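Below: the structure, in structure tokens.
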Amino acid sequence: MKRFIWFLGALITLLVLPLIPVSAAEESVEAPIATESTAATGSSEGSVLPTVSVIGKTDLTEPTGLARGKLEQYLLSKDPGPLSITNFLQHALRRAVALGVPANTLVLVLLFPLVGAVIAAARHLIGLRGFGLFTTAALSIAFLATGFTVGMLLFVIIILVASLGRVFIGSLKLQYLPRIALLLWFVSLGIFALLAISPYLGLNELVTISIFPILLLVLFVETYIGSRIGVGLRRALELTIETIILAVICYLVLSLESLQRFAVLNPELTVASVAVFDIFLGKYVGLRLLEYWRFRELFGRGD
76 MKRFIWFLGA LITLLVLPLI PVSAAEESVE APIATESTAA TGSSEGSVLP TVSVIGKTDL
136 TEPTGLARGK LEQYLLSKDP GPLSITNFLQ HALRRAVALG VPANTLVLVL LFPLVGAVIA
196 AARHLIGLRG FGLFTTAALS IAFLATGFTV GMLLFVIIIL VASLGRVFIG SLKLQYLPRI
256 ALLLWFVSLG IFALLAISPY LGLNELVTIS IFPILLLVLF VETYIGSRIG VGLRRALELT
316 IETIILAVIC YLVLSLESLQ RFAVLNPELT VASVAVFDIF LGKYVGLRLL EYWRFRELFG
376 RGD
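Numbering of the sequence shown is given in the numbering used here, commencing with residue 76 and proceeding in unit increments.
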């Protein structure tokens with residue numbers, strides 16, 4: 076219990092210290108924005124707030140931005156022709172975009188089954204288990220929203236804070252759900268501390284991050300802790316590494332601009348091909364690639 080109190084005090088100190096310099100700029104609400112009007116006055120003198128430069132990026136998960144403009148241009152560049160059974164999705168896609176639905180959101184929905192197919196193939200053909208299809212797919216979407224570097228930074232910090240919090244919570248002997256809720260408390264404060272000090276560390280990508288990918292990464296905590304309790308630390312880390320590998324592969328697949336263009340121009344073929352691939356994949360009953368490697372000595376003896 077004493078260790079928990081000491082840790083709580085250290086964590087609160089960590090949260091408070093980065094906010095101390097902000098007090099000098101509280102007189103001006105617009106001082107953190109660093110506009111020309113505030114620079115001309117003396118109200119922001121003595122402020123040590125860092126300057127943050129926001130750089131636009133192509134984010135398929137954002138309803139506005141570079142990705143939306145490109146995909147809409149691709150969509151308008153092709154005439155779908157008269158409505159028929161082979162192009163009804165193209166007409167539906169163009170109609171939805173004309174009514175204001177973001178093109179990148181529609182493309183992401185069309186490509187999400189492909190993510191599931193990739194994860195299923197990795198499990199069924201290669202033998203990479205991970206933490207399941209939906210957890211891995213959600214993690215890949217989080218990487219797509221944040222970028223790989225920022226996403227991995229948040230992921231590692233969340234896992235470290237959750238592991239550290241579990242050490243201190245263990246002495247309290249709580250039931251499962253209250254323990255997970257308290258772990259969420261630790262993780263939330265850890266993320267808050269990271270976001271608070273990110274401008275001072277020059278991590279400008281974290282300044283403009285939305286809550287959506289953070290929530291997806293935080294939801295991974297319960298899966299990780301539950302696995303650690305059920306199968307042990309070593310196996311939980313193995314599953315975590317496999318999940319990261321699969322999530323990165325799916326992130327790279329979703330980031331392919333050529334694939335996004337193909338999906339927006341040929342939605343019927345995209346949907347149908349993924350469904351056919353899933354059916355053929357489900358018919359495979361042979362050994363996985365890692366199983367061939369594991370039992371390679373037995374195969375050698377058989378020869």
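In this text, a Cβ means the ideal position worked out from N, Cα and C, and glycines have one as well.
Computed from a predicted structure; not experimentally measured.
If you reduce the DSSP assignment to three classes, tell me which class residue i lands in.
i, result
"Tyr367", "helix"
"Thr116", "Only weak support is given to the placement of Thr116: the predicted model assigns it a pLDDT of 46, under 50, and the value that follows is read from those uncertain coordinates. Three-state result, Thr116: coil."
"Tyr359", "coil"
"Gly156", "coil"
"Ser285", "coil"
"Val176", "coil"
"Gly277", "coil"
"Gly202", "coil"
"Thr161", "coil"
"Gly191", "helix"
"Glu372", "helix"
"Ala99", "With a pLDDT of 35 at Ala99, under the threshold of 50, the modelled position of that residue is not reliable, and the figure given next carries that caveat. Helix."
Check each candidate in the options and name the one with the smallest Cα separation from residue i.
i, options, result
"Asn162", "Ile354, Val360, Ala338 and Leu373", "Ala338"
"Tyr149", "Ile160, Leu168, Leu290 and Ser159", "Leu168"
"Gly240", "Ile201, Pro188, Tyr251 and Trp260", "Trp260"
"Ala195", "Ala173, Glu332, Leu340 and Asp353", "Asp353"
"Gly175", "Ala220, Val323, Ile319 and Glu147", "Glu147"
"Val231", "Leu208, Gly265 and Ile216", "Gly265"
"Leu164", "Phe355, Leu208 and Leu181", "Leu181"
"Leu189", "Leu331, Leu364 and Arg371", "Leu331"
"Leu214", "Gly277, Pro288 and Gln250", "Pro288"
"Leu344", "Val296, Ile160 and Lys358", "Ile160"
"Phe206", "Leu362, Glu297, Phe370 and Tyr367", "Glu297"
"Ala173", "Gly144, Arg369, Ile286 and Gly357", "Gly144"
"Ile255", "Tyr275, Leu270 and Ile304", "Ile304"
"Lys153", "Leu249, Arg336 and Leu247", "Arg336"
"Leu183", "Leu208, Tyr326 and Gly222", "Tyr326"
"Thr221", "Thr283, Ala271, Asn341 and Phe370", "Thr283"
"Ile286", "Leu278, Asn341, Tyr299 and Leu270", "Leu270"
"Val323", "Val193, Leu356 and Leu278", "Val193"
"Ile316", "Arg204, Leu276 and Phe187", "Arg204"
"Leu365", "Gln250, Arg198 and Gly277", "Arg198"
"Leu151", "Gly307, Gly357, Leu356 and Asn341", "Asn341"
"Ile300", "Leu276, Leu247 and Val242", "Val242"
"Leu235", "Asn279, Tyr359, Gly361 and Val262", "Val262"
"Phe267", "Gly307, Leu312 and Leu290", "Leu290"
Pop quiz: residue i and residue j are said to be a contact at Cβ under 8 Å. What is the actual Cβ separation, rounded to whole angstroms?
i, j, result
"Leu292", "Ile233", "6 Å"
"Ala237", "Leu219", "Actually they do not touch by this definition, with Cβ atoms about 23 Å apart."
"Leu185", "Val346", "7 Å"
"Thr210", "Thr318", "7 Å"
"Val328", "Leu334", "7 Å"
"Ala217", "Gly226", "6 Å"
"Leu314", "Ser302", "6 Å"
"His166", "Pro155", "6 Å"
Taking 6 Å as the cut-off, is the C-beta of residue i nearer than that to any heavy atom in the ligand SAH?
i, result
"Leu331", "Among the components of this structure there are no ligands whatsoever, and the ligand SAH is therefore not found."
Taking the runs of the alpha helix (DSSP H) that are 4 residues or longer, which of them lie wholly in the stretch 204-268?
-> 208-221 and 223-245
Any chance you could list the beta strand (DSSP E) runs of at least 3 consecutive residues sitting entirely within the stretch 289-332, in chain order?
-> none
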